[in-house]
Amino acid sequence: MQHRVVLRLEKEIRRYQRRRSQTTSSAGEGKRPSPADRRSAAPGDRRDEGCHRKKAVTPTQKRAVVRQLVAAHIKPERACVLVGLAKSSWHYLAKPRQDSELRQQIHDLARRYPRRGYRFIHALLVRAGAIINKKKVRRIWREEGLAIKPKGSRKIRTGATIPMQAEYANHVWTYDFIFDQTLEGTTLKILTLTDEFTRQSLALQVATSFTSKEVRGVLQDVVAGRGAPDFIRSDNGSEFIARELGIWLAVQDIGTRFIEPGKPWQNGFAESFHSRLRAECLNQEVFYSAKHAQVLLDDWRAFYNARRPHSSLGYRTPDEFAEQARGRQAAPLCGDNTANVAVSPSPG
1 MQHRVVLRLE KEIRRYQRRR SQTTSSAGEG KRPSPADRRS AAPGDRRDEG CHRKKAVTPT
61 QKRAVVRQLV AAHIKPERAC VLVGLAKSSW HYLAKPRQDS ELRQQIHDLA RRYPRRGYRF
121 IHALLVRAGA IINKKKVRRI WREEGLAIKP KGSRKIRTGA TIPMQAEYAN HVWTYDFIFD
181 QTLEGTTLKI LTLTDEFTRQ SLALQVATSF TSKEVRGVLQ DVVAGRGAPD FIRSDNGSEF
241 IARELGIWLA VQDIGTRFIE PGKPWQNGFA ESFHSRLRAE CLNQEVFYSA KHAQVLLDDW
301 RAFYNARRPH SSLGYRTPDE FAEQARGRQA APLCGDNTAN VAVSPSPG
């Protein structure tokens, strides 16, 4: 068996060398190889005249062939000579990657946050206690092919007046609706309420439909526990422009800020929050009913406020940022007249 395999391999090698020498002599005399020569050329031949070039065999592939020959009871030294592999390459053992565990962590986080980049993942690793350079995370991120293309096109502002920007907690709230559905196809309407300055999610209420009275009830519950905002921002949906809700807001001394019709980017905070909610919760879960969706959304809201870092907040969580903002507002009582200066974070 061994003798027949060796003879067959040596015969193929001699045939390949003979064809190659014939091709070389033909090219030296200025003759073009015939179509028959091209068809019978060995796969490894490299010619300039119309012959398709194939990729060279890698050492890894050659080692695989050597292993097959060794399994056929051929000595490794002889197999290396037949295949054309150096002995040092045959005995080489690839070193295991020292960052294999880190790569797995990055993959897990990328699946958990499918629309986030390497900077966000680096911040999560640092918060977990890892000592790692951001450039290394970026290198692994690219090597593993985890980069994602942004969805949609950037909207261009037309110069219209944009509503005011929040400068402190409870300055401007924003509320809007986002839609999803249950496993059976029932439409779910989700009311989102956020603080534009601290980025805290104040409410996530699920129902199959909403009236202005039900929207007012959600606002009443949040105001009772947190206090009223100075302003509240929304689009021109029927639930938000209803007369009954407008009267209640006026009684509470809450000003309204409506964005222009057809320009949702003027409510950038709500749009940004909805994109995170969609990518990290709605697209990851299956809802069996409105009550089931409410439970899962309450869990995600608690995670979002207390444990999820936000890039525009310096990779702090909304609760951490709100606590620090309260500390800055209380600082002037101790004599610091500049401690109440705070820069409002940008949407995103």
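Be aware that the sequence shown starts at 1, since it is given in my numbering, and climbs by one per residue. Beta carbons are placed, not taken as given, at the ideal position from N, Cα and C, and that holds for glycine. Computed from a predicted model, the values in this text were never measured in an experiment.
For residue i, which residues of its own chain have a beta-carbon under 8 Å away from its beta-carbon, when the five flanking residues on both sides are left out?
i, result
"F179", "T187, L188, K189, I190"
"V222", "L193, L202, A203"
"R355", "Nothing about residue 355 can be read from this structure; the chain reaches only from 1 to 348."
"W173", "L193, T194, D195, E196, L202, P229, F231, I232, R233"
"P309", "F120, A123, L124, R127, Y315, R316, T317"
Could you tell me the distance, in whole angstroms, from the CA atom of residue i to the CA atom of residue j?
i, j, result
"Y175", "K149", "28 Å"
"R243", "G327", "38 Å"
"N305", "T58", "51 Å"
"G255", "I241", "13 Å"
"K134", "A128", "14 Å"
"A302", "S89", "55 Å"
"R316", "G84", "58 Å"
"S311", "E196", "14 Å"
"A322", "L313", "10 Å"
"E143", "L296", "34 Å"
"F269", "D99", "37 Å"
"G159", "W300", "Here G159 scores only 37 on pLDDT, less than 50, and its place in the model should not be relied on; the value that follows carries that caveat. Computed Cα separation, rounded: 36 Å."
"E271", "E214", "22 Å"
"D253", "A224", "14 Å"
"V70", "R103", "35 Å"
"I349", "T60", "The requested residue 349 does not occur in the structure, where the chain is confined to residues 1 to 348."
"R78", "R63", "13 Å"
"V341", "E167", "Model confidence at V341 stands at a pLDDT of 39, short of 50, so the residue's coordinates are unreliable; what they give is reported in the following sentence. Roughly 9 Å separates the two Cα atoms."
"H107", "E101", "10 Å"
Does the CB of residue i have a neighbour CB from chain C at under 9 Å?
i, result
"E214", "Annotation note: the requested chain C is absent from the structure, which comprises a single protein chain."
For residue i, which beta-bridge partners are listed by DSSP?
i, result
"R112", "Answer is none; R112 lacks a bridge partner."
"T194", "T174, S201"
"T187", "Q181"
"F231", "V172, G255"
"H310", "R316"
Could you check what DSSP says for residue i in three-state terms: helix, strand or coil?
i, result
"A128", "coil"
"G255", "strand"
"T158", "Low local confidence applies: a pLDDT of 39 at T158 is under 50, so the model's placement there is unreliable, with the coordinate-based value given in what follows. Coil."
"V206", "strand"
"H107", "helix"
"S289", "coil"
"F240", "coil"
"Q284", "coil"
"P76", "helix"
"T60", "helix"
"Q165", "coil"
"R85", "The identity of residue 85 in the sequence shown is Leu, whereas the question assumes Arg. Coil at L85, not helix or strand."
"K263", "coil"
"D99", "coil"
"L245", "helix"
"Y92", "coil"
"A123", "helix"
"K135", "helix"
"G145", "coil"
"G117", "coil"
"D45", "Note on D45: pLDDT 44, under 50, position unreliable in the model; no value is reported."
Skipping 5 residues on each side, what residues in its chain have a beta carbon closer than 7 Å to that of residue i?
i, result
"Y113", "F120, E280"
"P261", "N236"
"S212", "E239, A242, E244, L245"
If you drop the 5 nearest sequence neighbours on each side, which residues of the same chain put their C-beta closer than 6 Å to that of residue i?
i, result
"D319", "N305, A306"
"W141", "Y118"
"W248", "R216"
"L93", "none"
Pop quiz: residue i and residue j are said to be a contact at Cβ under 8 Å. What is the actual Cβ separation, rounded to whole angstroms?
i, j, result
"F258", "S289", "F258 to S289, Cβ: 33 Å. No contact."
"V206", "A325", "With 8 Å as the limit, V206 and A325 do not qualify as a contact, their Cβ atoms being about 29 Å apart."
"N170", "G227", "6 Å"
"L125", "V137", "7 Å"
"V286", "L183", "6 Å"
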